[in-house]
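Asks: Each step along the sequence shown adds one to the number in our numbering, with nothing skipped, and position 47 is 41.
My questions will all concern the structure given below.
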Amino acid sequence: MMLTEHKRLLKVKERKKQLKKEGKPTNVEEDDPELFKQAVYKQTMKLFAELEIKRKEREAKEMHERKRQREEEIEAQEKAKREREWQKNFEESRDGRVDSWRNFQANTKGKKEKKNRTFLRPPKVKMEQRE
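Below you can see the structure in the form of structure tokens.
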């Protein structure tokens, strides 16, 4: 208790000194114990109000983060569901694709022989024309 009282008196002295330098009256509200209590009460209430505002902001931020994570989870589940559905449809249509390919292979009229093409062909010779 004695130490805090001493600190308060030092602050009052410094404040009076500062006011004297600035040429203002040296009446400081901390001189009167009742006014000092009111000032401390005001400052305490301000600090509590700031803490409450910060707490609410933090809670809102956490709520938004949880909401975002939940949306990501739902999106991942939907993506997995779409992937499973695609795989299922792909497997079910495999026989149709294979049959279609086999029919195509069976219906080809003889295999065409590939021409042995060289990479570069010589240019065609054009006859010279005279007029």
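Note that CB positions come from ideal geometry on N, CA and C, so glycine has one too.
1) Nearest-angstrom Cα distance between K40 and E67?
2) With DSSP collapsed to three states, give me the class of R91.
3) In angstroms, rounded to a whole number, what distance separates the CA positions of E59 and R52?
4) DSSP on R64, reduced to helix/strand/coil?
5) Counting only the same chain and skipping the five closest in sequence on each side, list residues whose C-beta sits under 6 Å from that of S87.
Replies: Here's the rundown:
1) Locating residue 40 in the sequence shown gives position 46, where the first residue counts as 1. Locating residue 67 in the sequence shown gives position 73, where the first residue counts as 1. Those two C-alpha atoms are separated by around 41 Å.
2) In the sequence shown, counting from the first residue as 1, residue 91 sits at position 97. Residue state, collapsed to three classes: helix.
3) Numbered from its first residue, the sequence shown carries residue 59 at position 65. Numbered from its first residue, the sequence shown carries residue 52 at position 58. Using only the alpha carbons, I get a separation of about 10 Å.
4) Working through the sequence shown from its first residue, we reach residue 64 at position 70. Helix, per DSSP.
5) Indexing the sequence shown from 1 puts residue 87 at position 93. Cβ within range, chain order: n/a, list empty.
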